[in-house]
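Since the structure comes first, as structure tokens, the remarks are kept for the end.
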Amino acid sequence: MNLEYTSSEMMSVTAARALENGMTCFVGIGLPSEAANLARLTHAPDVVLIYESGTLQTKPDTLPLSIGDGELCESALTTVAVPEMFRYWLQGGKVSVGFLGTAQIDRFANLNTTLIGDYKAPKVRLPGGGGAPEIATNAGEVFITLKHSKRAFVKDVDFVTTLGFGRDGKGRDNVPNIGKGPTRVITDLCVMKPDPETKELVVVSLHPGVTREDVIDATGWEIRFAEQLESTPEPSENELTILRELKARTERAHAGE
Amino acid sequence: MAEFLSLHDAVARYVEDGATVAMEGFTHLIPFAAGHEVIRQKKRDLTLIRMTPDIIYDQMIGAGCAKKVIFSWGGNPGVGSLHRLRDAVEKGWPRQIEILEHSHAAMACAFEAGAAGLPLAVFRGYIGSELPSVNDQIKFIECPFTGERLAAVPSVRPDVSIIHAQRADRQGNVLVEGIVGVQKEAVLAAKHSIVTVEEIVDDLGATPNACVIPSWAISAVAVAEKGALPSYTHGYYGRSNRFYKEWDAIARDRDTFTQWLDDNVFNVAQHHAGEKA
Chain P
1 MNLEYTSSEM
11 MSVTAARALE
21 NGMTCFVGIG
31 LPSEAANLAR
41 LTHAPDVVLI
51 YESGTLQTKP
61 DTLPLSIGDG
71 ELCESALTTV
81 AVPEMFRYWL
91 QGGKVSVGFL
101 GTAQIDRFAN
111 LNTTLIGDYK
121 APKVRLPGGG
131 GAPEIATNAG
141 EVFITLKHSK
151 RAFVKDVDFV
161 TTLGFGRDGK
171 GRDNVPNIGK
181 GPTRVITDLC
191 VMKPDPETKE
201 LVVVSLHPGV
211 TREDVIDATG
221 WEIRFAEQLE
231 STPEPSENEL
241 TILRELKART
251 ERAHAGE
Chain R
1 MAEFLSLHDA
11 VARYVEDGAT
21 VAMEGFTHLI
31 PFAAGHEVIR
41 QKKRDLTLIR
51 MTPDIIYDQM
61 IGAGCAKKVI
71 FSWGGNPGVG
81 SLHRLRDAVE
91 KGWPRQIEIL
101 EHSHAAMACA
111 FEAGAAGLPL
121 AVFRGYIGSE
131 LPSVNDQIKF
141 IECPFTGERL
151 AAVPSVRPDV
161 SIIHAQRADR
171 QGNVLVEGIV
181 GVQKEAVLAA
191 KHSIVTVEEI
201 VDDLGATPNA
211 CVIPSWAISA
221 VAVAEKGALP
231 SYTHGYYGRS
241 NRFYKEWDAI
251 ARDRDTFTQW
261 LDDNVFNVAQ
271 HHAGEKA
């Protein structure tokens, strides 16, 4: 069958497939939230989704615009205070995976959501750290999803808001009580994983129709490719239908008021 | 016991120029009516604390109330930047402000430590982050039992905390429901506190483990109907996503913003979100 889909849909479906039943996922707003809910509505109905606003095991019917939309609370098993969320549930080791987006990411998967340019005289001021700095270190592992571009994928981030593997790839070495860190990065072009030794991100899978040159052109460092480079499986008809329905429901809900 | 005051009188009494003020509500129950009252009374030189200074602080910063903002995520959720915050930080309009930024975990722990009467919060955080290089209030200490290196930040102890809640009973006990954020912690950490509510009722209808703040832990209760708009009050009204989107265009331009303030904050009888009709 010949399915038509966009690169954004390919990214969301691939990101969703990274989540499995049995995982407890601390979900970032935006693309991670879209992917996590798609997973819950398709192959992983029992995945536990947690948002930093305190909503535990939430099952929103539409995607939230903000991290604290009422829908998240109303469809949650329970809602706890924000200090409890960060102290007991995240720091306490109850989260198996953190799912994050970012404005900028570098070759060692460090994330920058603070600013572009110099701290004292920023070219672009971004929102700041939010929950990410502690999600990235206290969750068992981290998935990252964002669109691929030279602006986003830089050799060294302007500011390390959130630790990937540090400026030298050794940022997690010998640190006690720290998660594995980023284990995969899912973009609209490919999937990347950190090299087991150097921790530098390596392309392990290209999405259908994407070439090595496409990835090289959209990456701000000399990106390496795995020897056994795979082709990412296409989205299924069911995944696309459910994703499109989810997005249509969300658009209707947000347009209303 | 909490005193029942009008919102005007509560703000006039407890929010002094130069005060440290925390207005909390984690994307829910954001005390917009109180924020507008602070703007109307032209309070100045405030240190504003808030985990997520969304458009309520954008409005207060643009109106010239703030000299410093302490926060952990500053944006218009799902929409984009806070243009008034950026204009103040980058161009000094209407005045230069100082910012001090944390992570959510740090601020949540700092509010909790403030409520607990401690001078600092200790947590496992900021590992590998460069935020400590731009915020001298982030330190690291060694656990005296295990030797583990842990992050430490000073507790949050505001002069006054302001929150919005669903309702109070006639004694001034307050029920907070839904996403409760750090509201209880903010009230307990502060020297004084103002709670605005949708309504006063005979019986709170609270279940045994509900989030209830006793009257004797609150300075003032003020009725502010729809006081959280354009954010929402669980069980009363929904979030005006439309206004959050409209705000982007309003806040982008100084003149448009100033006109909006005149039309929707200075020259109004009753709080409303400020949407275009």
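Quick note, the sequences are listed as chains P and R, same order. Each residue of the first sequence is one higher than the one before, starting from 1 at the first, in the numbering used here. Each residue of the second sequence is one higher than the one before, starting from 1 at the first, in the numbering used here. Each residue gets a CB set at the ideal place from its N, CA and C atoms; glycine is no exception.
Beta-carbon contacts of residue i that lie in its chain and below 7 Å, excluding the five residues immediately before and after
i, result
"Trp-93 (chain R)", "Asp-87, Arg-254"
"Lys-139 (chain R)", "Ala-152"
"Ser-33 (chain P)", "Val-27, Leu-63, Pro-64"
"Val-265 (chain R)", "His-36, Ile-39, Arg-40"
"Leu-120 (chain R)", "Ala-113, Ala-152, Val-153, Pro-154, Ser-155"
"Leu-118 (chain R)", "Ser-155"
"Met-60 (chain R)", "Gly-35, Val-38, Ile-39, Leu-48, Ala-66"
"Gly-147 (chain R)", "none"
"Gln-137 (chain R)", "Leu-100, Val-153, Pro-154"
Cβ neighbours of residue i in the same chain (closer than 8 Å, five flanking residues each side left out)
i, result
"Arg-167 (chain R)", "Val-174, Leu-175, Val-197, Glu-198, Glu-199, Ile-200, Val-201, Leu-204"
"Leu-115 (chain P)", "Pro-122, Lys-123, Val-124, Arg-125, Leu-126, Asp-158, Phe-159"
"Glu-16 (chain R)", "Lys-43, Asp-159"
"Val-134 (chain R)", "Glu-101"
Residues that residue i contacts on chain P, provided the C-beta gap is smaller than 8 Å
i, result
"Val-156 (chain R)", "What Val-156 (chain R) touches in chain P: nothing, since even the nearest Cβ is about 11 Å away."
"Glu-101 (chain R)", "Thr-114, Gly-128, Gly-129"
"Lys-281 (chain R)", "It is not possible to answer for residue 281 (chain R), since the shown part of chain R is limited to 1 through 277."
"Tyr-232 (chain R)", "Gly-70"
"Val-71 (chain R)", "Position check: residue 71 (chain R) holds Phe in this sequence, whereas Val was assumed. In chain order: Gly-128."
9 Å Cβ cut-off: residues of chain P touching residue i
i, result
"Leu-131 (chain R)", "Thr-114, Gly-128, Gly-129, Pro-133, Phe-159, Val-160, Thr-161"
"Val-180 (chain R)", "Gly-54, Thr-79, Val-80, Ala-81, Val-82"
"Glu-90 (chain R)", "Ala-121, Pro-122, Arg-125"
DSSP state of residue i mapped onto helix, strand, coil
i, result
"Gln-171 (chain R)", "coil"
"Leu-49 (chain P)", "strand"
"Gln-361 (chain R)", "As shown, chain R starts at 1 and ends at 277. That puts residue 361 (chain R) outside it, with no answer to give."
"Lys-68 (chain R)", "strand"
"Ala-277 (chain R)", "Its pLDDT being 48, under 50, Ala-277 (chain R) is placed unreliably in this model, and the coordinates cannot settle the point."
"Ser-33 (chain P)", "helix"
"His-104 (chain R)", "helix"
"Gly-140 (chain P)", "coil"
"Glu-246 (chain R)", "helix"
"Leu-246 (chain P)", "helix"
"Val-268 (chain R)", "coil"
"Ala-121 (chain R)", "strand"
"Arg-157 (chain R)", "coil"
"Ala-226 (chain P)", "strand"
"Arg-167 (chain P)", "coil"
"Thr-198 (chain P)", "coil"
"Gln-259 (chain R)", "helix"
Under 9 Å from the C-beta of residue i: neighbouring residues of chain R
i, result
"Gly-5 (chain P)", "Checking the sequence, you will find Tyr at residue 5 (chain P) rather than Gly. Simply none; closest approach about 24 Å."
"Leu-65 (chain P)", "Pro-77, Gly-78, Val-79, Arg-239, Asn-241, Tyr-244, Lys-245"
"Arg-87 (chain P)", "Ala-105, Ala-108, Cys-109, Glu-112, Phe-123"
"Gly-171 (chain P)", "Ile-127, Gly-128"
Cross-chain neighbours of residue i in chain R, by beta carbon under 7 Å
i, result
"Tyr-300 (chain P)", "In this structure chain P extends from 1 to 257, so residue 300 (chain P) is not present and cannot be described."
"Pro-176 (chain P)", "Glu-148"
"His-254 (chain P)", "Asn-241"
"Gly-98 (chain P)", "Under the 7 Å cutoff, chain R gives no residues; its nearest Cβ is about 12 Å from Gly-98 (chain P)."
"Gly-101 (chain P)", "Within 7 Å Cβ-Cβ: nothing; Gly-101 (chain P) doesn't reach chain R, min ~12 Å."
"Cys-73 (chain P)", "Gly-178, Ile-179, His-234"
Chain-ordered neighbours of residue i on chain P, where CB pairs are closer than 7 Å
i, result
"Arg-86 (chain R)", "Arg-125"
"Gly-74 (chain R)", "Pro-127, Gly-128"
Cβ-based neighbour list, residue i, same chain, cut-off 6 Å, excluding 5 preceding and 5 following
i, result
"Asp-46 (chain P)", "Asn-21"
"Ala-15 (chain P)", "Ala-35, Thr-145, Ile-186"
"Pro-60 (chain P)", "Glu-71, Leu-72, Ser-75"
"Lys-180 (chain P)", "Glu-141"
Contact set between residue i and chain A, taken where Cβ atoms lie within less than 9 Å
i, result
"Tyr-57 (chain R)", "Reference to chain A is not applicable here, since the protein chains of this structure are P and R."
Inset, instruction - Taking 8 Å as the threshold, find out whether the stretch 225-234 of chain R comes into contact with the stretch 19-32 of chain R through three or more Cβ pairs. - result: They touch, by the three-pair rule.
Inset, instruction - Anything in the stretch 208-242 of chain P with a Cβ closer than 7 Å to a Cβ of chain R? List those residues in chain order, please. - result: Hits within the stretch: zero.
Inset, instruction - Taking 8 Å as the threshold, find out whether the stretch 126-141 of chain P comes into contact with the stretch 100-113 of chain R through three or more Cβ pairs. - result: yes
Inset, instruction - With 7 Å as the limit, tell me which residues of the stretch 147-178 of chain R have their beta carbon closer than that to any beta carbon of chain P; keep them in chain order. - result: Glu-148, Gly-178
Inset, instruction - Check whether the stretch 93-104 of chain P touches the stretch 47-64 of chain R, taking contact to mean three or more Cβ pairs, one atom from each stretch, closer than 8 Å. - result: no
Legend entry - Contact list for the stretch 137-156 of chain P against chain R, Cβ threshold 8 Å: Here the close residues are Thr-137, Asn-138.
Inset, instruction - Give, in chain order, every residue of the stretch 23-37 of chain P whose Cβ lies closer than 8 Å to some Cβ of chain R. - result: In summary, the residues of the stretch 23-37 of chain P whose CB is separated from some CB of chain R by less than 8 Å are Ile-29, Gly-30, in the order they occur in the chain.
Inset, instruction - State whether the stretch 37-51 of chain P contacts the stretch 220-229 of chain P, with contact taken as three or more CB pairs (one from each stretch) at a distance under 8 Å. - result: no
Legend entry - Any 3 or more C-beta pairs closer than 8 Å across the stretch 77-91 of chain P and the stretch 134-141 of chain P: Taking 8 Å as the limit for Cβ pairs, the verdict is that the stretch 134-141 of chain P does touch the stretch 77-91 of chain P.
Inset, instruction - Report yes or no: do three or more beta-carbon pairs, one from the stretch 66-82 of chain R and one from the stretch 40-50 of chain R, lie closer than 8 Å? - result: yes
Legend entry - Contacting positions in the stretch 27-44 of chain R - beta carbon closer than 8 Å to chain P: Thr-27, His-28
Inset, instruction - Evaluate contact between the stretch 204-214 of chain R and the stretch 127-135 of chain R, counting only Cβ atoms and requiring at least three cross-stretch pairs below 8 Å. - result: no
Inset, instruction - Count the CB pairs spanning the stretch 160-170 of chain P and the stretch 205-217 of chain P that are closer than 8 Å, and state whether there are at least three. - result: no
Inset, instruction - Output, in sequence order along the chain, the residues in the stretch 195-215 of chain R whose CB is closer than 9 Å to any CB in chain P. - result: Listed by position, the residues of the stretch 195-215 of chain R near chain P (Cβ gap below 9 Å) are Cys-211.
Inset, instruction - Could you tell me whether the stretch 75-86 of chain R touches the stretch 241-253 of chain R, using the rule of 3 or more Cβ pairs below 8 Å? - result: yes
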